[in-house]
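Same order as they appear, the protein sequences are chains A and B. Be aware that the first sequence starts at 1031, since it is given in our numbering, and climbs by one per residue. Be aware that the second sequence starts at 1031, since it is given in our numbering, and climbs by one per residue. Virtual Cβ for every residue (Gly too), placed ideally from N, Cα, C. Below is one structure; the comments refer to it alone.
2 protein chains.
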Amino acid sequence: MDAPAAIALVRKTSLSSLVEAEVMRLILAGELDSGQQIKEVAIAARLGVGRSSVREALRALEAVGLVRIEKNRGAFVRVVSETEAREMYVVREQLEGLAGALLAARITDDEVRELREYVDELDYYLDPAEFQRYFPLNLKFHRRIFEMAGNGRLLDMYGRLTNELHTVRRNGLLRGGGLAVSNIEHRNIVDALAARDADGASAAMRAHVSAGGQRRRAQAPGDSGSEVA
Amino acid sequence: MDAPAAIALVRKTSLSSLVEAEVMRLILAGELDSGQQIKEVAIAARLGVGRSSVREALRALEAVGLVRIEKNRGAFVRVVSETEAREMYVVREQLEGLAGALLAARITDDEVRELREYVDELDYYLDPAEFQRYFPLNLKFHRRIFEMAGNGRLLDMYGRLTNELHTVRRNGLLRGGGLAVSNIEHRNIVDALAARDADGASAAMRAHVSAGGQRRRAQAPGDSGSEVA
DNA sequence: CTGCTGTCGATTGTCGACAAAGTCAATCCG
DNA sequence: CGGATTGACTTTGTCGACAATCGACAGCAG
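See below:
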């Protein structure tokens, strides 16, 4: 890293922010399993910082919903229950629908092109063996739509939901195995956006999320999950 | 407080949680103005706790969106800009619409009755002089709808938005002066809910929020605000 | 063998100390 | 006289110490 960048970084970011980012990375990367305890001293030693910074970071992550803190027991990687996952999908469906509608009204030709590229690239990774390529690109596709939609608040909320859902979402896509179907839905979304059809884009987004939720649910463990033949 | 309750309280809540709740109260109650700096030692002394607890609380409140933290400068009560407020209203409109639709599908007769009582009571407080009665009751009406909707996640998100919007919302209702109109909209909502009309309830909710946003905007300071005659 | 209880190591909760950065005003120089 | 400089004072950033609490395990009673 060059000096100016380093200086800017040090001036703006506190240690706890860095710890927060790092712990988040560990969780999202799966290095910290769902439900696993996060020991303050371990993180502190690993990153070479004091416990205070770690504690502050964990507090923030709790508010974001990535960890759960029990008094005198510690911090644990949050595990989302089946019912919570369903609730979140309902909300997500609504948010993605809104993003689609907003974006259809303002998308540029360049942006349409960018989204199409993602979808085309995703087509190369439909094989389950390529999942570690498909998954992040899929995330990026959705995230870009929210970024392009131009509503910071909406993007923020989506980010939170995404963080909390990441485990469940990965498993759903992977085991549900509907990668090809999923990408067809992506194409429908882009088509509606390209046509500047707000209602169509909104509907396509909602349908996609809803279908994803059902794909996931078909694989979900118990909890009144409908047994699909 | 009786002993069992006290024990349960001590066992579950940490000092920083209490500090967090208290600072939140101070902000929502307006005792800490928008933009005002929150000094750690002042809060610590006032509540008789150490700085660590205060810092943790502030971190959490930052993640919730109630305060903004600048490195080496301190924590400030968050001030929402005009454009942010608009973005949030767009999102809120969508969330309230979802809550209405969900609730219409599951509302009980008792709940319909409860909501009607709120609306009836609100009618008594239409005079601007009674605003300090109208405002909290109005909040409760909306909050109860989300609670009844039965989606914890949705309720959670709504709570966050509400916290951040509280200032702007209070001013909007107060200065916009549309209390009577607002309550007519409330009645439309309850009617649609009572009829178990999901689409109607959703539309009524969205219309209400949208109208509220416009009432607010008509009063908003500058920032390309349309001058209404 | 089962269940209870006391004890111990591990982990978190809270605090204040010290260092670093920012703020502000009096002062100095052009 | 105006703007830069310096220096005291305030406020935050980070750390480790100490206390409180938890969970596990051993030992004992029945």
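- At a cut-off of 7 Å between beta-carbon atoms, methionine 1118/A makes contact with chain B.
- In the DSSP annotation of this structure, glutamate 1100/A is not part of any alpha helix (DSSP H); the continuous beta strand (DSSP E) holding it starts and ends at 1097-1100.
- Around the beta carbon of valine 1239/A, 16 or more other beta carbons sit within 10 angstroms, so the residue counts as buried.
- In the displayed model, glutamine 1067/B falls within a strand according to three-state DSSP.
- Annotation: Cβ neighbours of arginine 1085/A in chain B (cutoff 7 Å, chain order): Glu1086.
- Three or more beta-carbon pairs separated by less than 8 Å link the stretch 1175-1192 of chain A to the stretch 1131-1148 of chain A, which places the two stretches in contact.
- One finds Glu1117, Val1120, Val1121 in chain A with Cβ atoms closer than 8 Å to the Cβ of asparagine 1181/B, taken in chain order.
- No Cβ-Cβ contact shorter than 7 Å links leucine 1128/B with valine 1079/B.
- Bridge partners of alanine 1105/A according to DSSP: Ile1068/A, Ile1099/A.
- Around the beta carbon of alanine 1072/B, fewer than 16 other beta carbons sit within 10 angstroms, so the residue counts as exposed.
- Chain order gives no chain B residues near glutamate 1112/A, where near means a beta carbon separation below 9 Å; the closest approach is about 13 Å.
- The three-state secondary structure of threonine 1113/A, taken from DSSP, is helix.
- At a C-beta separation below 9 Å, threonine 1043/A has these neighbours in chain B: Lys1101.
- Here glutamate 1141/B has Met1178 as same chain residues with Cβ atoms under 6 Å from its own Cβ, once five neighbours each way along the sequence are excluded.
- Against valine 1094/A, the close residues of chain B are Ala1093, in the order they occur along the chain (beta-carbon pairs closer than 7 Å).
- Counting only the Cα atoms, glycine 1095/B lies some 15 Å from glycine 1104/B.
- The beta-carbon of leucine 1048/B is placed no less than 7 Å from the nearest beta-carbon of chain A.
- Between valine 1120/A and the set Arg1183/B, Glu1061/B, Thr1197/B, Glu1070/B, the nearest pair of CA atoms involves Arg1183/B.
- When the Cα atoms are used, aspartate 1186/B and alanine 1159/B turn out to be separated by approximately 32 Å.
- Here isoleucine 1214/B is exposed, its C-beta having fewer than 16 other C-beta atoms within 10 Å.
- Taken in chain order, the unbroken stretches of alpha helix (DSSP H) that lie wholly in the stretch 1163-1220 of chain B and span 4 residues or more are 1182-1206.
- Against leucine 1184/B, the close residues of chain A are Glu1117, Val1120, Val1121, in the order they occur along the chain (beta-carbon pairs closer than 8 Å).
- The distance from the Cβ of arginine 1236/B to that of glutamate 1114/B is about 20 Å, inconsistent with a contact at the 8 Å cut-off.
- Between alanine 1090/A and chain B, the shortest Cβ-Cβ separation is below 7 Å.
- Taking the C-beta atoms as reference points, arginine 1122/B is found no nearer than 7 Å to valine 1220/B.
- The beta-carbon separation of arginine 1108/B and glutamate 1194/B, rounded to 7 Å, stays under the 8 Å limit for a contact.
- Methionine 1187/A reaches chain B at Val1121, Met1187, counting residues in chain order whose Cβ is nearer than 7 Å.
- Within chain A, no residue has its beta carbon less than 7 Å from that of leucine 1133/B; the closest one is some 13 Å off.
- Using a Cβ distance threshold of 7 Å, threonine 1197/A and serine 1064/A count as a contacting pair.
- Going by DSSP, aspartate 1150/B is part of the alpha helix (DSSP H) stretching over 1139-1153.
- Glutamine 1067/A has a beta carbon lying at 7 Å or more from every beta carbon in chain B.
- Between the stretch 1084-1093 of chain B and the stretch 1149-1157 of chain B, the count of C-beta pairs closer than 8 Å stays below three; the two stretches do not touch.
- Contact of glutamine 1244/B with chain A is not assigned, every C-beta pair being separated by 7 Å or more.
- Using a Cβ-Cβ cut-off of 8 Å, leucine 1056/A is close to nothing in chain B; its nearest Cβ partner there is about 18 Å away.
- Close to serine 1082/B, with beta-carbon spacing below 7 Å, are these residues of chain A in chain order: Ser1082.
- Close partners of leucine 1169/B in chain A (Cβ separation under 8 Å) are lacking, with about 20 Å as the shortest Cβ gap.
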